[in-house]
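Student: Per numbering that gives the first Met the number 0: the sequence shown = residues 0 to 89.
C-beta: ideal position from N, C-alpha, C; glycine also.
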Amino acid sequence: MKYRFEVIVSLKEGLLDPQGKAVQDALPTLGWHNVSEVRVGKHIEVLVESESRIEARAQVEKMARTFLSNPVIEDFVILVADTVPSEGTR
Numbered sequence: 000m001k002y003r004f005e006v007i008v009s010l011k012e013g014l015l016d017p018q019g020k021a022v023q024d025a026l027p028t029l030g031w032h033n034v035s036e037v038r039v040g041k042h043i044e045v046l047v048e049s050e051s052r053i054e055a056r057a058q059v060e061k062m063a064r065t066f067l068s069n070p071v072i073e074d075f076v077i078l079v080a081d082t083v084p085s086e087g088t089r
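1. Can you name the start and end residues of the beta strand (DSSP E) that D24 belongs to?
2. Taking the Cβ atom as the reference point for each residue, do F75 and V6 lie within a distance shorter than 7 Å?
3. For the region 37 to 45 against the region 11 to 21, are there 3 or more C-beta pairs whose distance is under 8 Å?
4. Report yes if the C-beta distance between K11 and L46 is below 7 Å; otherwise report no.
5. Short of 6 Å in beta carbon distance, which residues of its chain neighbour Q23, apart from the five on each side in sequence? Order them along the chain.
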């Protein structure tokens with residue numbers, strides 16, 4: 000079975016986010032005056048083929064810890080998007 004995951008990586012709370020600040024500063028000039036605390040991060044989608052959802056998620060968590068994020072300055076959240084049948088199971 001194939002499992003689709005989304006990994007959302009963001010800077011840890013309390014760290015300066017220059018890109019988020021730039022977006023926040025630009026929004027009022029475009030008419031949005033009610034927005035604050037803008038943070039910019041990364042959104043990564045992966046499709047993992049595995050025997051179980053638990054095993055697939057464990058692999059994605061290892062990817063996120065060792066490669067997709069910098070654990071010193073970033074946090075991540077893993078979302079399970081959906082299940083995709085493998086070629087042989089259709």
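Tutor: Considering the structure as presented:
1. Where D24 is concerned, there is no enclosing beta strand (DSSP E), although the alpha helix (DSSP H) it sits in stretches over 17 to 25.
2. It is a contact, given that the beta carbons lie within the stated cut-off.
3. Short answer: they touch.
4. Cβ distance not < 7 Å, so K11 and L46 don't count as in contact.
5. Beyond the five residues adjoining it in sequence on each side, Q23 comes within less than 6 Å, by CB distance, of V37 in the same chain, given in chain order.
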